[in-house]
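K.L.:
Under numbering that gives the first Met the number 0, the residues of the sequence shown are numbered 0 to 357, in order.
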Amino acid sequence: MALHVRGTVLPDGEVRDLWLVGDRVTFEPVADAETISDGGFILPGLVDAHCHLGIAYGAKPIESVDQARELARQDRDAGVLALRDAGSPYPYPELDDEPGVPRLARAGRHVAAPRRYLRDIGVEVAGEEVAVAVTAQAKAGTGWVKLVGDWIDRSVGDLAPSWDAATMAAAVEAAHAAGARAAVHTFSEEGVEIMVRAGVDSVEHGTGLTLDLIDEMARRGTALVPTMINIRTFGKIADNARGKFDGYADHMIALRDRFPSVVLAAHEAGVPIYVGTDAGGGIRHGLAAEEMLYLHEAGIPAVDVLAAASWGARAWLGFPGLVEGGLADLVVYDTDPRADLRVVRAPRRIVLRGAVIR
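1) Could you tell me if Ser-260 is buried or exposed, where buried requires 16 or more neighbouring beta carbons within 10 angstroms of its beta carbon?
2) Would Asn-229 be called buried (16 or more neighbouring beta carbons within 10 Å of its own) or exposed?
3) If we define contact as Cβ-Cβ less than 8 Å, is Leu-45 a contact residue for chain D?
4) Please determine if the segment 16–29 and the segment 80–90 are in contact, where contact requires at least 3 C-beta pairs separated by less than 8 Å.
5) Using CA atoms only, rank isn't needed, just tell me which of His-3, Gly-279, Glu-267 and Val-199 is closest to Pro-379.
6) Give the single residue among Thr-334, Thr-221 and Pro-101 whose Cα lies nearest to the Cα of Gly-269.
7) What's the C-alpha gap between Val-100 and Arg-68?
8) Can you check which of these residues, Val-129, Ala-1, Ile-151 and Ala-197, is closest to Phe-244 by C-alpha distance?
9) Which residue wins for smallest C-alpha separation from Asp-303, given the options Arg-337, Gly-325, Arg-108 and Gly-317?
10) Which of the three DSSP states, helix, strand or coil, is assigned to Ile-61?
11) Can you list the alpha helix (DSSP H) stretches of 4 or more residues lying completely in the segment 262–348, in chain order?
12) Determine the burial state of Val-34: buried for a count of at least 16 other Cβ atoms within 10 Å of its Cβ, exposed for fewer.
13) Count the other CB atoms within 10 Å of the CB of Asp-211; is the residue buried (16 or more) or exposed (fewer)?
14) Is DSSP giving Phe-358 helix, strand or coil here?
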């Protein structure tokens with residue numbers, strides 16, 4: 000049966016009627032459609048553009064597809080109806096089109112330097128093997144490759160790039176040659192500069208960004224997924240490192256403290272910004288609303304945060320919104336989230352793939 004929804008549809012802010020026929024949206028009336036929501040504010044389904052369904056809380060690989068499904072449903076029940084998995088040690092391609100599971104854009108496993116990332120999570124390869132590993136992981140994903148651009152180097156006691164600049168540029172080239180976009184994990188100043196200038200498609204975290212590099216990202220159209228909810232955990236990381244790697248600990252605290260101003264500068268420069276929580280590992284799923292509020296707290300206007308979490312992010316990932324023929328994913332809120340963003344914590348109605356979730 001077709002479904003009918005009426006309310007103020009964002010981003011245009013007009014009161015409209017939407018009919019959901021199967022998994023598609025139409026503005027053409029459908030006789031005998033069931034009205035499931037009348038009134039309120041309607042958004043295309045929210046997006047978590049940086050999460051990990053293949054990593055359980057505690058930074059351990061999951062052991063079954065059922066675990067990935069459950070994590071995805073935690074996001075879904077918070078109104079997040081599309082996910083970009085930014086690296087998974089466990090494959091779960093059978094969920095790509097499963098009813099009840101959010102839309103998925105997936106990277107393969109993280110590509111990391113030997114002993115320079117979380118244990119058992121990534122494919123760890125030396126510089127001469129990086130391009131081959133990237134090509135293989137592009138085939139394992141659905142349009143994305145995840146590179147670990149930097150991590151702590153215990154020999155120097157601080158963050159350092161994973162490989163030399165030529166190798167990192169070759170990694171991006173290999174991803175593009177394989178038809179994938181490249182996302183890079185980076186905390187450090189040096190690592191993010193190398194990767195932006197190498198032509199990476201999205202910077203994940205990006206705590207080391209400078210104003211000059213922000214301008215370069217804006218010029219190139221390079222996206223930023225700040226994962227502010229994760230950056231707030233840097234204090235714990237620093238505490239665990241202190242006494243053995245004091246320089247690294249101090250660096251992490253400094254990166255954390257300046258980051259809200261970095262994110263605001265990126266927004267003001269026109270860098271595309273998207274909402275991502277880094278759920279999986281140390282962050283629980285279902286927290287996209289909190290990430291939205293952190294972006295707003297940093298100074299980004301509510302309507303731009305909504306774009307970063309909804310229609311803008313969906314367009315970036317290739318999931319059409321509430322347009323004629325678009326995908327039947329939506330969330331309904333009682334009041335206008337542009338006026339009070341906190342309402343995104345409590346969706347009244349959630350529809351995924353044309354089916355009512357609640």
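Backbone N, C-alpha and C define an ideal beta-carbon position, used for all residues, glycine too.
P.N.:
Short version:
1) Stepping through the sequence shown from its first residue, residue 260 is reached at position 261. Its Cβ having fewer than 16 others within 10 Å, Ser-260 is exposed.
2) Here the question's residue 229 lines up with position 230 in the sequence shown. Buried, by the Cβ-count rule.
3) The question asks about chain D, but that chain is absent: this structure has only one protein chain.
4) no
5) Residue coverage of the chain in this structure runs from 0 to 357, which leaves residue 379 outside it and unanswerable.
6) Your numbering for residue 269 matches position 270 in the sequence shown. The residue with the shortest Cα to Cα distance from Gly-269 is Thr-221.
7) Residue 100 sits at position 101 when you count from the first residue of the sequence shown. Residue 68 sits at position 69 when you count from the first residue of the sequence shown. Cα-Cα distance, rounded: 7 Å.
8) On the sequence shown, residue 244 is found 245 positions in, with the first residue counted as 1. The candidate whose alpha carbon is nearest that of Phe-244 is Ile-151.
9) Stepping through the sequence shown from its first residue, residue 303 is reached at position 304. Nearest option by C-alpha distance: Arg-337.
10) The count along the sequence shown starts at 1 and reaches residue 61 at position 62. Looking at Ile-61 - three-state DSSP - the assignment turns out to be coil, as it is neither helix nor strand.
11) 287–296, 301–308 and 310–316
12) Your numbering for residue 34 matches position 35 in the sequence shown. This sequence places Thr at residue 34; Val is not what is there. Looking at its Cβ environment, which holds fewer than 16 other Cβ atoms inside 10 Å, Thr-34 is exposed.
13) Here residue 211 refers to the residue found at position 212 of the sequence shown. Flag for Asp-211 reads exposed.
14) Any answer about residue 358 is impossible in this case: the structure gives the chain only from 0 up to 357.
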